[in-house]
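For the sequence shown, the numbering used here assigns the number 30 to the initial residue and increments by one for each residue that follows.
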Amino acid sequence: MRTARVGSLFVKKGKKLVGIVTDTDIVRRAVATNKSLGKLTVEKIMTTPICTIEGSQPVDDAQDMMGDLGVRHLAVTQAGEIVGVVSVRDLLLFYKRYAQSMIPLVQGYSEPKITQD
């Protein structure tokens, strides 16, 4: 994960996706419990089931799901197949870009004109 600079990996058993391992899983279930990483299996620390969101759903739905489920990654599906992953970091970057794109629009509004009678 460090080499690929990713925060999560899906876990496959045969041809079936059975879970997800995240950087948080490693910290909470291995490092924080003083367990030897060399002796732990992915199966022991992965999160299952995989939380998913359909790719056509609004970004706000992903944010709500992450908050409600207490997860930082969602598998993105299309027609029932996992096609990607969205993370809290992805959402933060999206909202940052959105806010930055709104600045010129807001600056374009004129100040209210106050007249005294």
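Idealized CB from N, CA, C, for every residue including glycine. Just so you know, these numbers come straight off a predicted model, no measurement behind them.
Quick check on the burial criterion: 16 or more other C-beta atoms within 10 angstroms. Buried or exposed for residue i?
{"i": "A104", "result": "buried"}
{"i": "S65", "result": "exposed"}
{"i": "S37", "result": "buried"}
What number of angstroms, rounded off, separates the C-alpha of residue i from the C-alpha of residue j?
{"i": "V56", "j": "H102", "result": "15 angstroms"}
{"i": "D54", "j": "V100", "result": "10 angstroms"}
{"i": "S116", "j": "Q145", "result": "52 angstroms"}
{"i": "A59", "j": "S85", "result": "35 angstroms"}
{"i": "F39", "j": "M95", "result": "17 angstroms"}
{"i": "L69", "j": "Y127", "result": "41 angstroms"}
{"i": "Q136", "j": "K73", "result": "52 angstroms"}
{"i": "V71", "j": "G109", "result": "24 angstroms"}
{"i": "V47", "j": "A33", "result": "21 angstroms"}
{"i": "P133", "j": "K44", "result": "49 angstroms"}
{"i": "Y138", "j": "D97", "result": "37 angstroms"}
Less than 8 angstroms separating the beta-carbons of residue i and residue j?
{"i": "I82", "j": "D90", "result": "yes"}
{"i": "T29", "j": "I111", "result": "The structure shown has nothing for residue 29, since the chain only spans 30 to 146."}
Quick one: grab the DSSP three-state call for residue i.
{"i": "L154", "result": "The requested residue 154 does not occur in the structure, where the chain is confined to residues 30 to 146."}
{"i": "V35", "result": "coil"}
{"i": "A108", "result": "coil"}
{"i": "T62", "result": "coil"}
{"i": "T144", "result": "coil"}
{"i": "G84", "result": "coil"}
{"i": "T77", "result": "coil"}
Judging by CA-CA distance, which residue of the options is the nearest neighbour of residue i?
{"i": "D52", "options": "N63, K45, E72, R31", "result": "R31"}
{"i": "R118", "options": "I132, Q129, Q92, M131", "result": "Q92"}
{"i": "V35", "options": "A108, G113, K45", "result": "G113"}
{"i": "C80", "options": "P87, T106, I132", "result": "T106"}
{"i": "P87", "options": "T62, A61, Y124, P133", "result": "Y124"}
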